[in-house]
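Novice: The structure's right below; bear with me while I get my questions together.
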Amino acid sequence: MRLGRHFFLRQWVTSPTAREKGIVNSPNAVQLERICWITVYVLERIRNYYKKPVIITSGFRCAQLNQVVGGTLNSAHRFPTEAFTGAVDFLVLDTNIQDVFNFVAFDSRLPYDQVILERGKTRDSDLDDCIHYAVSEE
7 MRLGRHFFLR QWVTSPTARE KGIVNSPNAV QLERICWITV YVLERIRNYY KKPVIITSGF
67 RCAQLNQVVG GTLNSAHRFP TEAFTGAVDF LVLDTNIQDV FNFVAFDSRL PYDQVILERG
127 KTRDSDLDDC IHYAVSEE
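The sequence shown begins at 7 in the numbering used here and counts up one residue at a time.
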(Lines of atoms letter the chains of each structure in order from A and count residues from 1; the text may use other names and numbers.)
(Lines give C-alpha, C1' and ligand atoms only; values in the text may rest on other atoms or scores of the structure.)
Protein backbone atom coordinates (compact mmCIF):
# COMPACT_ATOMS: atom_id res chain seq x y z
CA MET A 1 0.00 0.00 0.00
CA ARG A 2 1.45 3.34 -1.08
CA LEU A 3 1.32 6.07 1.59
CA GLY A 4 3.01 8.88 -0.29
CA ARG A 5 5.12 9.45 -3.36
CA HIS A 6 8.14 7.67 -1.87
CA PHE A 7 6.77 5.51 0.95
CA PHE A 8 4.86 2.28 1.42
CA LEU A 9 3.13 0.77 4.45
CA ARG A 10 5.57 -2.16 4.47
CA GLN A 11 8.35 0.28 5.42
CA TRP A 12 6.41 1.13 8.59
CA VAL A 13 5.47 -2.41 9.64
CA THR A 14 8.38 -4.60 8.53
CA SER A 15 10.26 -5.91 11.53
CA PRO A 16 12.83 -8.71 11.67
CA THR A 17 11.71 -9.39 15.25
CA ALA A 18 8.06 -9.65 14.24
CA ARG A 19 8.96 -11.99 11.39
CA GLU A 20 11.13 -14.14 13.67
CA LYS A 21 8.45 -14.34 16.40
CA GLY A 22 5.50 -14.76 14.03
CA ILE A 23 3.88 -11.48 15.12
CA VAL A 24 1.42 -9.83 12.74
CA ASN A 25 2.35 -6.15 12.96
CA SER A 26 -0.68 -4.52 11.32
CA PRO A 27 -2.18 -1.13 12.18
CA ASN A 28 -5.91 -0.53 12.59
CA ALA A 29 -7.71 2.25 10.70
CA VAL A 30 -6.93 4.99 13.24
CA GLN A 31 -3.28 3.95 13.44
CA LEU A 32 -3.03 3.86 9.65
CA GLU A 33 -4.43 7.40 9.47
CA ARG A 34 -1.67 8.63 11.83
CA ILE A 35 1.00 6.74 9.88
CA CYS A 36 -0.20 8.39 6.66
CA TRP A 37 -0.13 11.82 8.28
CA ILE A 38 3.48 11.45 9.47
CA THR A 39 4.47 10.02 6.10
CA VAL A 40 2.98 12.84 4.03
CA TYR A 41 3.62 15.82 6.30
CA VAL A 42 6.98 14.82 7.77
CA LEU A 43 8.87 12.08 5.94
CA GLU A 44 8.00 13.25 2.42
CA ARG A 45 9.13 16.77 3.32
CA ILE A 46 12.45 15.46 4.64
CA ARG A 47 12.82 13.26 1.53
CA ASN A 48 12.13 16.22 -0.75
CA TYR A 49 14.58 18.46 1.09
CA TYR A 50 17.50 16.02 0.85
CA LYS A 51 16.45 14.40 -2.45
CA LYS A 52 17.61 11.08 -0.99
CA PRO A 53 15.75 8.06 0.39
CA VAL A 54 14.56 8.21 3.99
CA ILE A 55 15.03 4.86 5.70
CA ILE A 56 12.53 3.96 8.43
CA THR A 57 14.41 1.99 11.08
CA SER A 58 11.44 1.65 13.46
CA GLY A 59 7.91 2.61 12.61
CA PHE A 60 4.63 1.16 13.80
CA ARG A 61 4.66 -1.46 16.57
CA CYS A 62 1.61 -3.45 17.59
CA ALA A 63 1.29 -4.06 21.34
CA GLN A 64 2.79 -7.55 21.13
CA LEU A 65 5.81 -6.43 19.09
CA ASN A 66 6.35 -3.42 21.33
CA GLN A 67 6.45 -5.71 24.37
CA VAL A 68 8.86 -8.16 22.72
CA VAL A 69 11.33 -5.40 21.73
CA GLY A 70 11.19 -3.89 25.22
CA GLY A 71 9.24 -0.75 24.32
CA THR A 72 7.45 1.19 27.03
CA LEU A 73 3.70 0.76 27.51
CA ASN A 74 3.13 4.31 26.26
CA SER A 75 5.61 4.11 23.37
CA ALA A 76 4.66 6.55 20.64
CA HIS A 77 5.49 3.78 18.13
CA ARG A 78 2.18 2.15 19.17
CA PHE A 79 0.06 4.91 17.51
CA PRO A 80 -1.74 6.75 19.03
CA THR A 81 -1.02 6.94 22.74
CA GLU A 82 -2.30 9.36 25.36
CA ALA A 83 0.73 11.56 24.80
CA PHE A 84 1.55 11.15 21.10
CA THR A 85 -0.08 10.81 17.71
CA GLY A 86 2.83 8.61 16.66
CA ALA A 87 6.54 8.22 16.16
CA VAL A 88 9.09 7.05 13.64
CA ASP A 89 12.82 6.38 13.81
CA PHE A 90 14.66 7.11 10.58
CA LEU A 91 17.81 8.16 8.81
CA VAL A 92 18.51 9.72 5.42
CA LEU A 93 20.63 7.57 3.12
CA ASP A 94 24.24 8.77 2.70
CA THR A 95 23.64 11.89 4.81
CA ASN A 96 25.30 12.95 8.05
CA ILE A 97 22.82 12.15 10.81
CA GLN A 98 23.79 15.20 12.87
CA ASP A 99 22.98 17.43 9.86
CA VAL A 100 19.58 15.74 9.45
CA PHE A 101 18.88 16.12 13.16
CA ASN A 102 19.75 19.82 13.03
CA PHE A 103 17.52 20.33 10.01
CA VAL A 104 14.52 18.59 11.58
CA ALA A 105 14.94 20.10 15.04
CA PHE A 106 15.90 23.66 14.14
CA ASP A 107 15.37 24.55 10.48
CA SER A 108 12.53 22.50 8.99
CA ARG A 109 9.55 24.06 10.77
CA LEU A 110 8.08 20.56 11.06
CA PRO A 111 5.73 20.12 14.02
CA TYR A 112 7.13 17.85 16.72
CA ASP A 113 7.14 17.09 20.40
CA GLN A 114 10.28 14.98 20.38
CA VAL A 115 13.26 14.91 18.07
CA ILE A 116 16.02 12.79 19.54
CA LEU A 117 19.33 11.82 17.98
CA GLU A 118 19.66 8.23 19.16
CA ARG A 119 23.12 6.77 19.15
CA GLY A 120 23.27 3.02 18.63
CA LYS A 121 25.13 0.31 20.42
CA THR A 122 28.17 0.33 18.14
CA ARG A 123 30.36 3.10 19.50
CA ASP A 124 32.44 3.88 16.42
CA SER A 125 29.75 3.42 13.78
CA ASP A 126 26.83 5.50 12.57
CA LEU A 127 25.14 2.40 11.12
CA ASP A 128 22.79 1.88 14.06
CA ASP A 129 22.12 5.56 14.81
CA CYS A 130 18.74 7.11 14.02
CA ILE A 131 16.54 10.12 14.59
CA HIS A 132 13.47 9.54 16.74
CA TYR A 133 10.60 11.83 15.74
CA ALA A 134 7.35 12.01 17.70
CA VAL A 135 4.38 14.33 17.39
CA SER A 136 1.27 14.73 19.52
CA GLU A 137 -1.00 16.74 17.26
CA GLU A 138 -1.77 16.78 13.60
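Heads up, the beta-carbon is just placed ideally off N, CA and C, and yes, glycines get one too.
Since we're looking at a predicted model, the values are computed, not measured.
Under 8 angstroms, with one C-beta from each stretch per pair, do the segment 31-40 and the segment 102-110 reach the 3-pair mark?
Specialist: Segments in contact, no.
Novice: Please classify V19: is it buried, with 16 or more other beta-carbons within 10 angstroms of its beta-carbon, or exposed?
Specialist: Buried.
Novice: In terms of residues, what are the limits of the alpha helix (DSSP H) holding T23?
Specialist: 22-27 is the span of the alpha helix (DSSP H), which, as asked, contains T23.
Novice: Helix, strand or coil for C42 per DSSP?
Specialist: Looking at C42 - three-state DSSP - the assignment turns out to be helix.
Novice: Would you tell me roughly how many angstroms separate the C-alpha atoms of V74 and A111, rounded to the nearest one?
Specialist: So the alpha carbons of these two residues sit roughly 30 angstroms apart.
Novice: Around the Cβ of A140, are there at least 16 other Cβ atoms within 10 angstroms (buried) or fewer (exposed)?
Specialist: Per the 10 Å Cβ criterion, buried.
Novice: Between which residues of its own chain and A93 is the CB-CB distance below 6 angstroms, once the five residues before and five after are set aside?
Specialist: The answer, listed in chain order, is A82, H83, A140.
Novice: In whole angstroms, give me the CA-to-CA distance for L79 and G65.
Specialist: For L79 and G65, the distance between alpha carbons rounds to 16 angstroms.
Novice: Quick one: Cα of R40 to Cα of K57, how far?
Specialist: Their Cα atoms are separated by approximately 24 angstroms.
Novice: What is the rounded straight-line gap between the Cα of I85 and the Cα of R53?
Specialist: A quick correction: the sequence has Phe, not Ile, at residue 85. C-alpha separation (whole angstroms): 22 angstroms.
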